[in-house]
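Sequential numbering of the sequence shown, starting at 1, is according to the numbering used here.
C-beta: ideal position from N, C-alpha, C; glycine also.
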Amino acid sequence: QVQLVESGGGLVQAGGSLRLSCAASGSISRVNFMAWYRQAPGKQREMVAGLQNGGSARYADSVKGRFTISRDNAENMVYLQMNSLKPEDTAVYYCYSRDIFLRAYWGQGTQVTVSS
(Lines of atoms letter the chains of each structure in order from A and count residues from 1; the text may use other names and numbers.)
(Lines give C-alpha, C1' and ligand atoms only; values in the text may rest on other atoms or scores of the structure.)
Protein backbone atom coordinates (compact mmCIF):
# COMPACT_ATOMS: atom_id res chain seq x y z
CA GLN A 1 0.00 0.00 0.00
CA VAL A 2 1.04 3.55 -0.72
CA GLN A 3 -0.45 6.59 0.96
CA LEU A 4 -0.35 9.98 -0.73
CA VAL A 5 -1.15 13.32 0.87
CA GLU A 6 -1.26 16.51 -1.19
CA SER A 7 -0.83 20.05 0.03
CA GLY A 8 -0.20 23.50 -1.36
CA GLY A 9 -3.41 24.27 -3.19
CA GLY A 10 -5.21 27.56 -2.83
CA LEU A 11 -6.47 30.68 -4.53
CA VAL A 12 -4.14 32.63 -6.79
CA GLN A 13 -4.53 35.33 -9.40
CA ALA A 14 -3.92 34.64 -13.05
CA GLY A 15 -0.21 34.84 -13.81
CA GLY A 16 0.72 33.72 -10.33
CA SER A 17 2.46 30.59 -9.10
CA LEU A 18 1.79 27.73 -6.73
CA ARG A 19 3.75 24.70 -5.70
CA LEU A 20 1.89 21.52 -4.87
CA SER A 21 3.48 18.90 -2.67
CA CYS A 22 2.72 15.22 -2.33
CA ALA A 23 4.03 13.25 0.63
CA ALA A 24 4.28 9.54 -0.05
CA SER A 25 4.48 6.79 2.55
CA GLY A 26 4.14 3.03 2.69
CA SER A 27 5.58 0.67 0.08
CA ILE A 28 7.33 3.45 -1.78
CA SER A 29 10.23 1.33 -2.96
CA ARG A 30 7.84 -0.44 -5.34
CA VAL A 31 6.60 2.78 -6.93
CA ASN A 32 8.05 3.42 -10.36
CA PHE A 33 5.75 6.13 -11.66
CA MET A 34 4.46 9.32 -10.06
CA ALA A 35 2.15 11.87 -11.61
CA TRP A 36 -0.18 14.77 -11.03
CA TYR A 37 -3.70 14.67 -12.38
CA ARG A 38 -6.41 17.28 -12.26
CA GLN A 39 -10.16 17.34 -12.61
CA ALA A 40 -12.17 20.45 -13.33
CA PRO A 41 -15.94 20.59 -12.75
CA GLY A 42 -17.80 18.73 -15.47
CA LYS A 43 -14.59 17.44 -17.05
CA GLN A 44 -12.72 14.17 -17.04
CA ARG A 45 -9.66 13.71 -14.89
CA GLU A 46 -6.52 14.30 -16.93
CA MET A 47 -2.84 13.76 -16.37
CA VAL A 48 -0.96 17.02 -16.04
CA ALA A 49 2.57 15.74 -15.51
CA GLY A 50 4.20 12.35 -15.02
CA LEU A 51 7.61 11.13 -14.00
CA GLN A 52 8.88 7.60 -14.56
CA ASN A 53 11.77 6.28 -12.47
CA GLY A 54 14.93 6.90 -14.44
CA GLY A 55 12.98 8.58 -17.20
CA SER A 56 12.14 12.05 -18.28
CA ALA A 57 9.04 13.95 -17.32
CA ARG A 58 6.11 14.29 -19.63
CA TYR A 59 3.47 16.98 -19.62
CA ALA A 60 0.06 17.72 -21.01
CA ASP A 61 0.30 20.15 -23.91
CA SER A 62 -1.76 22.66 -21.97
CA VAL A 63 0.88 23.02 -19.25
CA LYS A 64 4.15 22.56 -21.12
CA GLY A 65 6.58 25.31 -20.31
CA ARG A 66 4.57 26.41 -17.26
CA PHE A 67 4.50 23.39 -14.93
CA THR A 68 7.39 21.30 -13.65
CA ILE A 69 7.18 17.97 -11.86
CA SER A 70 10.00 16.89 -9.59
CA ARG A 71 10.70 14.19 -7.05
CA ASP A 72 12.77 14.14 -3.89
CA ASN A 73 13.45 10.47 -3.22
CA ALA A 74 15.21 11.15 0.05
CA GLU A 75 12.13 12.89 1.44
CA ASN A 76 9.56 10.75 -0.42
CA MET A 77 8.06 13.87 -1.92
CA VAL A 78 6.75 14.81 -5.33
CA TYR A 79 6.20 18.40 -6.33
CA LEU A 80 4.37 20.28 -9.02
CA GLN A 81 5.62 23.79 -9.61
CA MET A 82 2.95 25.75 -11.45
CA ASN A 83 3.83 29.09 -13.00
CA SER A 84 1.92 31.53 -15.18
CA LEU A 85 -1.33 30.09 -13.93
CA LYS A 86 -4.48 30.59 -15.95
CA PRO A 87 -8.14 30.45 -14.93
CA GLU A 88 -8.46 27.24 -16.95
CA ASP A 89 -5.97 25.60 -14.58
CA THR A 90 -8.64 25.72 -11.89
CA ALA A 91 -9.29 22.16 -10.75
CA VAL A 92 -8.79 19.64 -8.00
CA TYR A 93 -5.25 18.32 -8.33
CA TYR A 94 -4.48 14.74 -7.38
CA CYS A 95 -1.21 13.00 -6.69
CA TYR A 96 -0.97 9.57 -8.31
CA SER A 97 1.46 6.70 -8.06
CA ARG A 98 1.76 3.32 -9.70
CA ASP A 99 3.91 0.46 -8.50
CA ILE A 100 5.75 -2.35 -10.25
CA PHE A 101 2.62 -4.52 -9.94
CA LEU A 102 0.62 -1.82 -11.76
CA ARG A 103 -1.38 -0.96 -8.67
CA ALA A 104 -2.53 2.65 -8.68
CA TYR A 105 -2.82 4.92 -5.68
CA TRP A 106 -4.45 8.34 -5.36
CA GLY A 107 -4.27 11.18 -2.91
CA GLN A 108 -7.35 12.96 -1.64
CA GLY A 109 -6.83 15.98 -3.88
CA THR A 110 -6.14 19.65 -3.32
CA GLN A 111 -8.13 22.52 -4.81
CA VAL A 112 -6.41 25.06 -7.03
CA THR A 113 -8.43 28.10 -8.01
CA VAL A 114 -7.07 30.72 -10.40
CA SER A 115 -8.96 33.99 -10.55
CA SER A 116 -8.96 36.19 -13.63
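What did DSSP end up calling GLN88 once you bin it into helix, strand or coil?
-> Locating residue 88 in the sequence shown gives position 88, counting from the first residue. The question names Gln, but residue 88 is Glu in the sequence shown. Helix at GLU88.
Between VAL31 and VAL5, is the Cβ-Cβ spacing less than 8 Å?
-> As a first step, residue 31 is located in the sequence shown; it is residue number 31 there, counting from the start. As a first step, residue 5 is located in the sequence shown; it is residue number 5 there, counting from the start. It is not a contact, given that the beta carbons lie outside the stated cut-off.
Which class does ILE28 belong to by DSSP, given the choice of helix, strand or coil?
-> The residue you call residue 28 lines up with position 28 of the sequence shown. Reduced to three states, the DSSP call for ILE28 is helix.
What's the C-alpha gap between PHE33 and LEU102?
-> Taking the sequence shown and counting its residues from 1, the one referred to as residue 33 is at position 33. Taking the sequence shown and counting its residues from 1, the one referred to as residue 102 is at position 102. Going by the C-alpha atoms only, they are around 9 Å apart.
Just grab the DSSP bridge partners of ASP99 for me.
-> As a position in the sequence shown, residue 99 is number 99, starting the count at 1. Answer is VAL31.
In chain order, what residues of the same chain lie with their CB nearer than 7 Å to the CB of GLY8, ignoring the 5 residues before and after it?
-> Residue 8 sits at position 8 when you count from the first residue of the sequence shown. Excluding residues within five positions, the ones whose Cβ falls inside 7 Å are LEU18, ARG19, LEU20, SER21, THR110.
If you follow the beta strand (DSSP E) that VAL12 is part of, which residue opens it and which one closes it?
-> One-based indexing of the sequence shown puts residue 12 at position 12. Start and end: 10–13.
With a threshold of 16 other CB atoms inside 10 Å of the CB of SER97, please say whether the residue is buried or exposed.
-> Position 97 of the sequence shown holds residue 97. SER97 is buried by the Cβ-count criterion.
Proximal residues to ALA35 (C-beta, below 6 Å), its chain only, five neighbours per side dropped = Here the question's residue 35 lines up with position 35 in the sequence shown. If we look at ALA35 and ignore the five residues flanking it on each side, its Cβ neighbours are MET47, GLY50, TYR96.
ILE100: buried (16+ other C-beta within 10 angstroms of its C-beta) or exposed?
-> Position 100 of the sequence shown holds residue 100. Looking at its Cβ environment, which holds fewer than 16 other Cβ atoms inside 10 Å, ILE100 is exposed.
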